[in-house]
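Working notes, structure below.
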Amino acid sequence: MDAPRLPAGTSDALLASRGAAPSLARTNAEQLLTFRTRGRWYACDLLWVREILRQPALTPVDRAPPLVRGLIHLRGQIVTALDLDRRLGFHSAVAQGPAERCIVFKTSPELARLAHPPSDCELAGNDIIGVVVDQIGDILAERGPVLPPPPDTISGLDHACIAGVLPRPEGLITLINTGAFLSVPSGSAS
Amino acid sequence: MQTLLEASTLRLVFAGDILSTNVAALRTELLATLGAHPAATHVTADLVNARTVDSQGINLLLALYRESERRKIGFRVENPSPEIRRLFDLLNLSGRFGLKPTKQP
Amino acid sequence: MSTAEQEMLELFVQEAREHLGVLESDLVSLEANPRDAALLNRLFRAVHSVKGTAGFFGLTAITELAHVMESVMALVRDGRLEAGPELINLFLAGTDKLKAMVASPENSADIPSLAEREALGAMLRSDPPARPAAAEKDILPLYLRSFRIDPELVRSALRNGHHVYVVQLRLHADIEAKGQGILDYLREVQSLGTLIDTATDIAEVGGLDAEAPADVVCSLLFATAMEPDLLLGAFDLPAAQLVQAAAPALREWLATQPVLGPATPPPPPSPPAVVAPASPAAPAAPAALSPPEDGTTGTAHPMASASRTKPDETVRISVSLLDALMNLAGEMVLGRNQLLRVAESRREGAGAPPEHEGLGGIIQGISAVTSDLQRTIMRARLQPVGGLLGRFHRVLRDLGQKLGKEIQLETVGDDVELDRALIEGLSDPLTHLVRNAADHGLEPREERLRVGKPPAGRVRISAAHLAGRVQIEVRDDGRGLDPVRLKAKAVEKGLITADQAERLGEAEAWQLIFAPGFSTAAVVSDVSGRGVGMDVVKTNIERLGGRVEIESVVGRGTAIIIRLPLTLAIIPALIVGCGDRLFAVPQLNLIEIVRIGPDRPLEDFGGSRLLRLREELLPVLDLSALLGLPATEDQAGSGYVLILRLDRRRFGLRVDQVADTEEIVVKPLGRHLQGTTLYSGATLLGQGRIALILDLAGLAAGRLPPEPASTRETTRASLRPPAEQVLLFRDGTPETFALHIANIGRIERLSSSRIERIGGQDFLRQENGPTLRLVRLQTHLPVTPPGPLPAEIHVIVPRLVDQPIALVAEEILDAAELPVDALDTSTLIAPGVLGTASIEGALTIILDLYGLLRAAGLDRPAIPGGVDLASRRILLAEDTLFFREAVRRAFTGFVGALDVANDGEEAWQRLQTGAYDVLVTDLEMPRLNGFELVARLRSDPRFKTLPVIALSARDTPEFHERARIAGVNRFESKFDRERLRRALIDALSAPTP
């Protein structure tokens, strides 16, 4: 596995608490959770994150749409775990390794209970969705400058899911539009 | 079944147990007997020969009771075995059948 | 208003709503059972509660209306007023007003209710002032009044915290039928508590001349410490036969009874030994005590389903709280699993300290409790659907009155438990469907009478768990959906063009009712034409993840079928394994499990697999192939085949492993998986593993040989063109042969050395069964002459023939579908050949087995009969092309004329115009099946005596019996010429029954 290009330190701090660092989430300033999969770095709004699972046991779902990695048992509930790249429409040649981490997102009712729910929290739906990633990175306290998403020329890319690109000294980070990311892409139903 | 007419009381002595196996025949016989003795003012069902009575037997006795009621004649049961008597007591039929109250054990 | 007050008011609103809901459904039931004491008490109590709490909040308008209703109800309860339809109408109107008031208590004073109060008040005044004193006397609940109650026994029972029950006992059905003696049973009863009194219902016992003597029914008044459930078990009685007397009502009554010293006097004297010539109206039951009455009443607690809806037995709890509990229980399961693992590793590591002895047992205990806890909380979110279905009694009653139609509602599956959210979501769509059925579906009374239907229209709402889904049906016996009319309407409304209409099949035409802006009623009534259409119903159901289907027969009725995924349910399932995956198969669909091995292999016909099971060939799907899992070696020769039932079809599913049967909790799949057709949900197994629940319908869809149209009794039209299933094989020549699958009994693979040649004929000896005469196709058909037999051959043993024969097939190719319109009967004409067709690119000879037997000289010699068939006209109704052809050819030459109808409906039409001597009919056909056709004929004076021969490949006793009942004269399952000829002769010469 590549060494993270982000400063180390906070990466697995989240794993300790299941509530996705609630003390941080309560502040109004936007915080971004970074994570890496197939060698690329991404970030999403921490507000949407419910918890992070360490090496989750994935139950494969045969004949499911490719964007579904499998199911995960989470304390009596079943999480649909997505494949990040497939959901975004990247056709990476790199096969994803074993599921190291799973970021589990909040459901709409959970988001709605927040003091400042995101405007598109409806998109989170009622069933629990997670995404399988290789590594969790730092939490960014601010966005900094945001570049527009890559042009449409990348075929198959679901642009609605990508809010932009963060040019960081360490490298480019793709900023995920979490609400759109969690919704079912049109035409994915088998 | 043996039929005796004592004064105006019709005494029906059942030949044996009154069970689902024989009530159908008894029904017809009882109707005929009642019809043959229009002058009777009382009917007594004598169970002296009966050891057991099942639900159909109870039904028959109740039907006989109702029939007597319809004909406006008296009805009573006599000489039940202790077992049958106990059954009538438990079902609260003894009084209806004109049996004297016994002290319950 | 303070927050606390506001909360209390909200509580009142919730509670009052439930009371009013009970009131509404009970009022409708009361119409059918105007003297049901328990019902009357519940009604009375519901109004009373509303009145009481409304009074507490000073909601005078509600109190006043409830008060009048309560007073009138008291009259009904005391038998002084008849609960006729008019009165029920008044009560319902009052209930509606109360509902409106309760909906906004702040404005309740503004809702006018004078009319309702006046009307009900008039009922009060019309009450004859008879027995005014008596009315004040009896405070004993009605259902206790037939007993003579010793107050001391009741007093001591209550003092000891015992319950008082009324137990209904049918002496025969509940005791003798279970092999017990009445006396023994009653003695046992006495050992469980105190028998306070017994009342035998002699009114139910007919007189001596009663035709079928009724069972004797006794009511026991019984005091015991046992809880209802235990008591029911001990008495072995259904729940409906046990009613618990409410302690407060008994205490109230006791307060009016003198307290007696320890010396209890003997019970009241028995009735006179001689029956007093009684007036017929006198109650037959022993005279009840008549304690003073003050108008209050006790509560009956029937232990049956009604208790579930009783407001005072439930606690309201929010769904989110339940969800939180569920999650906590989920965490506990996880903890339990970790604990189990730790305990396991300790044991393996040995050297556990002695103080840890017995830990295993404790953990096992906790483990069991944890599972139970999870399950119980799950149950709390489920509600019986009966509450929802029950509502429609009122809806249909009102509708019936408004539309001037008599409507009977039947609900089935009230006990089916569904997630509360699902029940709420179903409410509106179902209401619409029920209204539609009553308004558009059912004909007016006169029209029904004219077409020979019972005057009362029937609507049936049923709920059931099927194959891991919920199925809800609204079915009426009305006029049905007429595709022609629907299409015309749709064209007129501009929804489709005339061209499109032309191309629409029946089922597609039905779907038009779901088009936005479509209404079939010539007159838009205020009943169902309220702006919401069927399109909204469909959208709503789809939003719940469900599907809507339609079945309809013109003149017979319509059924709308809703299939929903189970969002939350517990179903028994079989856990099976495939590779390293685990799956759950709903037990409901499972018939049996067959282990496959060398002695019972799957037979492979060019890609399709078949399992031979008791003379039947079942198609077998392979789960790992369906899932796209890598094939393991020799999959056909190992593992298990689950024999599954899906609607009326049976098929096998091969899996690697069969684990346990478990009660599984169905969890819906996330939205990203909604489109998958193989699974209906997922579940968590004991060890925290996830198993997907297989959706058998989705699994089988399009993968099974098409259901022969003949096995469908419903009239669902299939969208795919009709096709029939044939087996393709070769017999050493280039020609491909096809034989209809219904004609195939079994296929054996054997060494050609087993064939014995005697007198120029080939025979095959069987261990159990007659020696088979082998028929080689090349001998009888105009095909290329073959070479010598290979070492191994197949023989096809046909069914539905009399002769012990087998066809030789050197090579079995495949099972295939033959579209009926592909059959070419003109290119190759020969005895034993039905025709030719191009199947999978190859020209194939379709065999006529019966013709072949005739060609081989194997049909039976004709026995001269006394009936001249050459002058007779015969009508054949048969939907399967092959049998139609086979029978047509069998008859050719010896009957005068043979007309063919493709189904029952067509046969019926033909019978209207043509004169026929005999009807030969298949039993399973689309549109109108054979049973229905014959039943229709037999009820028509013109066809009462028409001889009917049933011809069916389904040669079961059940079918014989059904056919006989329908009025069939003869049943034939074998289509050979001589048998059919004899059948015709018999049918024509025998007098019709």
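First to last, the sequence lines map onto chains A, B and C. Counting with the working numbering, you get residues 31 to 220 for the letters of the first sequence. Counting with the working numbering, you get residues 69 to 173 for the letters of the second sequence. Counting with the working numbering, you get residues 20 to 1012 for the letters of the third sequence. A virtual CB, placed ideally from N, CA and C, is assigned to each residue, including glycine.
Close beta carbons around residue i, own chain, < 8 Å, minus the five adjacent residues each side
i: Glu137 of chain B; result: Phe143
i: Val639 of chain C; result: Leu621, Arg628, Leu629, Leu630, Val660, Phe670, Gly671, Leu672, Arg673
i: Arg957 of chain C; result: Lys963, Ala985, Gly986
i: Asp518 of chain C; result: none
Inter-residue spacing [alpha-carbon to alpha-carbon] between residue i and residue j
i: Leu39 of chain C; j: Ala94 of chain A; result: 48 Å
i: Pro131 of chain C; j: Val41 of chain C; result: 23 Å
i: Thr539 of chain C; j: Asp501 of chain C; result: Because the pLDDT of Thr539 of chain C is 47, which lies under 50, any placement of that residue in the model is unreliable, and the number read from its coordinates should be weighed accordingly. Roughly 10 Å separates the two Cα atoms.
i: His759 of chain C; j: Glu511 of chain C; result: 45 Å
i: Ala323 of chain C; j: Val262 of chain C; result: With a pLDDT of 35 at Ala323 of chain C, under the threshold of 50, the predicted position of this residue should be treated as unreliable, and no value is reported.
i: Leu871 of chain C; j: Glu466 of chain C; result: 53 Å
i: Tyr935 of chain C; j: Asn988 of chain C; result: 15 Å
i: Arg80 of chain A; j: Thr137 of chain A; result: 8 Å
i: Asp702 of chain C; j: Asp342 of chain C; result: Position check: residue 702 of chain C holds Thr in this sequence, whereas Asp was assumed. Cα to Cα, Thr702 of chain C sits roughly 16 Å from Asp342 of chain C.
i: Gly174 of chain A; j: Trp78 of chain A; result: 19 Å
i: Lys10 of chain C; j: Ala457 of chain C; result: Limits of chain C in this structure are 20 at one end and 1012 at the other, which puts residue 10 of chain C out of reach.
i: Leu696 of chain C; j: Ala719 of chain C; result: The residue you asked about is not Leu; residue 696 of chain C is Thr in the sequence shown. Each residue's Cα considered, the two are about 10 Å apart.
i: Gly354 of chain C; j: Val685 of chain C; result: 22 Å
i: Ile203 of chain A; j: Leu441 of chain C; result: 43 Å
i: Ala825 of chain C; j: Arg633 of chain C; result: 18 Å
Closer than 8 Å at the beta carbon, the chain B residues around residue i
i: Ala218 of chain C; result: Asn160
Inter-residue CB distance, residue i and residue j (contact presumed, cutoff 8 Å)
i: Ala528 of chain C; j: Lys506 of chain C; result: 5 Å
i: Arg136 of chain C; j: Leu84 of chain C; result: 6 Å
i: Gly8 of chain A; j: Ala154 of chain A; result: It is not possible to answer for residue 8 of chain A, since the shown part of chain A is limited to 31 through 220.
i: Gly923 of chain C; j: Ala896 of chain C; result: 6 Å
Which of helix, strand or coil DSSP assigns to residue i
i: Arg792 of chain C; result: strand
i: Lys508 of chain C; result: helix
i: His979 of chain C; result: helix
i: Ala233 of chain C; result: coil
i: Ile763 of chain C; result: strand
i: Gly751 of chain C; result: coil
i: Val493 of chain C; result: strand
i: Thr110 of chain A; result: strand
i: Gly419 of chain C; result: helix
i: Phe241 of chain C; result: strand
i: Gly200 of chain C; result: coil
i: Ile382 of chain C; result: helix
i: Tyr72 of chain A; result: strand
Neighbouring residues, chain A, relative to residue i (Cβ below 8 Å)
i: Lys472 of chain C; result: Going along chain A, no residue has its Cβ under 8 Å from Lys472 of chain C, so there is no contact; the nearest lies around 44 Å.
Contacts around residue i, its chain only, beta-carbon distance under 6 Å, and the 5 residues preceding and following it disregarded
i: Asp675 of chain C; result: Gly596, Cys597, Gly658
i: Ser162 of chain B; result: Phe156
i: His412 of chain C; result: Val47, Leu428
i: Val121 of chain B; result: Ile86, Ile152
Chain C residues whose Cβ lies nearer than 8 Å to that of residue i
i: Gln85 of chain A; result: Here the premise fails: no neighbours, minimum Cβ distance about 15 Å.
Chain-ordered chain A contacts of residue i [CB-CB under 7 Å]
i: Ser709 of chain C; result: The amino acid at residue 709 of chain C is misidentified as Ser; the sequence shows Ile. Near Ile709 of chain C (Cβ distances below 7 Å), the residues of chain A are Thr89, Leu101, His103, Ile108.
Sequence-distant residues of the same chain with beta carbon closer than 7 Å to residue i, five excluded per side
i: Pro186 of chain A; result: Checking the displayed sequence, the identity of residue 186 of chain A turns out to be Gly instead of Pro. Gly119, His121, listed in sequence order.
i: Gly84 of chain B; result: Asn117, Ala118
i: Pro850 of chain C; result: Gly870, Arg873, Ala874
i: Pro90 of chain A; result: Gly100
i: Thr219 of chain C; result: Val235, Cys237
Under 7 Å from the C-beta of residue i: neighbouring residues of chain B
i: Gly764 of chain C; result: Here the premise fails: no neighbours, minimum Cβ distance about 49 Å.
Within chain C, the residues that residue i reaches when beta carbons sit closer than 9 Å
i: Arg70 of chain A; result: Simply none; closest approach about 22 Å.
Residue i Cβ short of 7 Å to the ligand FMN heavy atom set
i: Gly499 of chain C; result: As for the ligand FMN, it is missing from this structure, which has no ligand bound.
> What residues from the stretch 95-125 of chain B come within 9 Å of chain D, judged by C-beta to C-beta, listed N to C?
Replying inline: The structure shown contains no chain D; its protein chains are A, B and C.
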